[in-house]
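Trainee: Numbering of the sequence shown is given in numbering that gives the first Met the number 0, commencing with residue 0 and proceeding in unit increments. We put the beta carbon where it would ideally sit given N, CA and C, even for glycine. Quick caveat: nothing in here was measured; it's all calculated off a predicted structure. I have a structure here, written as structure tokens, and I will follow up with some questions on it.
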Amino acid sequence: MGDMSVAPHAVTVFPQTAVATRYSCTLCGARIAPSSAYCSHCGAAHAVATDRKGRPVDLAATRSLQLAILVIVANIVVGALALGVVVLTSDTKNLVNAALALELLHFLVVGGLVAATISYGVRGIRETRNGRLGRRNWAVLSIVVSGLVGVVLAGSLTATFVMFLHQA
């Protein structure tokens with residue numbers, strides 16, 4: 000029983016340097032030692048990736064920046080597709096209705112990504128607050144970028160809805 004583990008090693012699951020990240024287990028809530036990469040109660044791995052210089056980095060902050068880039072790309076793609084459909088609509092009577100429907104679709108797709116990005120960004124800021132993990136600035140940048148895209152997206156939906164109300 001001395002060397003037995005109930006969870007796979009972090010090196011097997013995540014091929015990078017294992018560095019402890021939390022003082023309490025996210026699965027069971029038990030306290031873990033700052034130097035431990037595993038929970039002694041449930042065996043869950045608490046390891047993070049390291050950057051090229053070997054410093055521990057936060058996965059949530061990294062994921063938030065990846066999602067922020069995806070928000071920008073999805074906004075461009077979905078916006079271009081919506082614009083293309085509106086331009087190709089030859090029926091001017093239903094043009095505002097089509098624009099509103101496409102804007103709602105745009106809002107749902109990109110808005111969902113914005114919400115996920117902000118959620119991961121906030122989590123990244125919380126996990127990097129004590130200075131043990133890096134990439135806090137990535138989390139802040141992703142929140143700012145996604146927040147701006149979200150505000151523009153909400154404004155666009157509001158303007159389209161106002162146009163729909165004035166048309167009717």
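Could you tell me which of A67, L94, G83, C38 sits nearest to V159, measuring between CA atoms?
Mentor: Note that residue 159 corresponds to Thr in the displayed sequence, not to Val. Minimum Cα distance to T159 is reached at L94.
Trainee: Could you give the C-beta distance for S168 and E102, rounded to a whole number, given that I count them as a contact under 8 Å?
Mentor: A question about residue 168 goes unanswered here, because the residues of the chain that appear run from 0 up to 167.
Trainee: Check whether the segment 69 to 82 and the segment 128 to 137 are in contact - that is, three or more C-beta pairs closer than 8 Å.
Mentor: Counting Cβ pairs under 8 Å, fewer than three are found: no touch.
Trainee: How many whole angstroms separate the CB atoms of L66 and Y119, which I take to be in contact at a CB cut-off of 8 Å?
Mentor: 6 Å between Cβ atoms; contact.
Trainee: Could you give the distance in angstroms between the alpha-carbon of R51 and the alpha-carbon of L147?
Mentor: Spanning the two alpha carbons is a distance of roughly 31 Å.
Trainee: Does the Cβ-Cβ distance between L132 and A60 come in under 9 Å?
Mentor: Their beta carbons are under 9 Å apart, which means L132 touches A60 by this criterion.
Trainee: Which residue spans inside the segment 51 to 86 form an unbroken alpha helix (DSSP H) run of at least 4?
Mentor: DSSP runs (the alpha helix (DSSP H)) wholly in the segment 51 to 86: none.
Trainee: Would S39 be called buried (16 or more neighbouring beta carbons within 10 Å of its own) or exposed?
Mentor: Its Cβ having fewer than 16 others within 10 Å, S39 is exposed.
Trainee: In this structure, how does DSSP classify T20 when only helix, strand and coil are distinguished?
Mentor: For T20, the predicted model reports a pLDDT of 44, less than 50, meaning its position is unreliable and no value from the coordinates is stated.
Trainee: Would you tell me roughly how many angstroms separate the C-alpha atoms of L112 and R62, rounded to the nearest one?
Mentor: Looking at the two C-alpha atoms, the distance is approximately 12 Å.
Trainee: Output yes or no for whether 9 Å exceeds the beta carbon distance between V109 and V70.
Mentor: Yes, these two residues count as a Cβ contact at 9 Å.
Trainee: What's the gap between the Cα of L87 and the Cα of T157?
Mentor: Their Cα atoms are separated by approximately 23 Å.
Trainee: Specify the secondary structure class of R135 as computed by DSSP and reduced to three states.
Mentor: The answer is helix: DSSP assigns R135 an H, G or I state.
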